[in-house]
Amino acid sequence: MGENSSPRRIRADAERSTARILEAAETVLAADATASLERIADAAGLARATVHRRFASRTALLDALAEQLSQRYLGGLAEARVKTAPPLIALHRLTEIVFDLKLCHRFAVQLTAALTPAVLDGLDLLFARLRDTGAITAVDPAWCRQVYLALLHEVHELPTDSPTLASSATAEETEAKINLLVRTTLGALGGSHGATALHSPASAASGDVRPVDHGS
34 MGENSSPRRI RADAERSTAR ILEAAETVLA ADATASLERI ADAAGLARAT VHRRFASRTA
94 LLDALAEQLS QRYLGGLAEA RVKTAPPLIA LHRLTEIVFD LKLCHRFAVQ LTAALTPAVL
154 DGLDLLFARL RDTGAITAVD PAWCRQVYLA LLHEVHELPT DSPTLASSAT AEETEAKINL
214 LVRTTLGALG GSHGATALHS PASAASGDVR PVDHGS
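Heads up, the sequence shown is in the working numbering, so the first residue is 34 and it goes up one at a time.
Below, the structure written as structure tokens:
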């Protein structure tokens with residue numbers, strides 16, 4: 034029993050140390066993207082040798098941060114049910130999740146390596162479904178995804194006192210940004226006024242999401 038439990042305990046300790054390092058790295062690098070492994074070790078409350086044992090180089094640490102965020106993106110795609118939920122509801126829910134991740138991972142979201150092929154495929158599937166239901170008219174899911182990601186950055190960076198946010202029906206800043214991003218994305222990709230109105234939380238909660246008839 035003792036022989037079996039010791040390796041498990043060592044693995045558990047290593048996992049806890051790794052989690053502490055990644056958490057500290059996220060905080061430290063968000064404040065100073067050039068911070069050294071030594072500063073990250075100090076912030077994690079660990080010996081510098083421990084950090085170097087887990088991550089042989091700064092590049093290895095950045096790769097781990099990107100991988101961690103990629104897994105959370107994949108979890109967000111699953112939670113938003115991009116494969117099965119009505120696509121307008123999935124788009125709104127996914128946007129909520131991504132805004133949450135941007136708040137918690139201010140440094141890692143800048144790492145393009147986090148956008149793995151699996152993450153990009155999930156986004157492309159969502160935009161293909163939006164097109165198929167008539168919510169947008171743009172035919173290339175990859176282009177739709179690029180527009181969405183570009184707008185995501187711009188909307189997230191909007192200052193609190195932006196007139197664009199002031200025109201929102203909600204006083205809550207994050208919700209106003211989510212609504213703005215979804216509405217602007219749909220409009221940019223050829224959605225009609227009816228489609229952009231259907232993304233609202235009230236519509237999502239009631240399930241009142243219908244394909245848009247572009248012939249009317």
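Cβ coordinates follow ideal geometry from the N, Cα and C atoms, glycine included.
If you're wondering where the values come from, they're calculated on a predicted model, not measured in any experiment.
Whether residue i touches residue j by CB criterion (8 Å)
i	j	result
Phe132	Ile73	no
Leu124	Leu163	yes
Thr218	Glu206	no
Glu71	Arg87	no
Ser103	Ala147	yes
Ala99	Ala58	no
Leu214	Leu182	no
Arg53	Ala77	yes
Per-residue burial, residue i [other beta carbons within 10 Å of its own, 16 or more giving buried]
i	result
Pro120	buried
Gln101	buried
Val172	exposed
Glu129	buried
Val242	With a pLDDT of only 42 at Val242, under the threshold of 50, the placement of this residue in the model should not be trusted; the figure read from the coordinates follows. Its Cβ being crowded by 16 or more others within 10 Å, Val242 is buried.
Anticipated Cβ contact below 8 Å, residue i with residue j, distance rounded
i	j	result
Leu79	Ser50	6 Å
Gly223	Thr170	3 Å
Arg178	Leu153	7 Å
Simplified DSSP state of residue i, which is helix, strand or coil
i	result
Arg87	helix
Arg216	helix
Arg139	coil
Thr7	As shown, the chain starts at 34 and ends at 249. That puts residue 7 outside it, with no answer to give.
Gly109	helix
Val115	coil
Glu100	helix
Leu79	coil
Arg41	helix
Glu251	Past the boundaries of the shown model lies residue 251; the chain is included only from 34 to 249, so the question cannot be answered.
Ala146	helix
Leu124	helix
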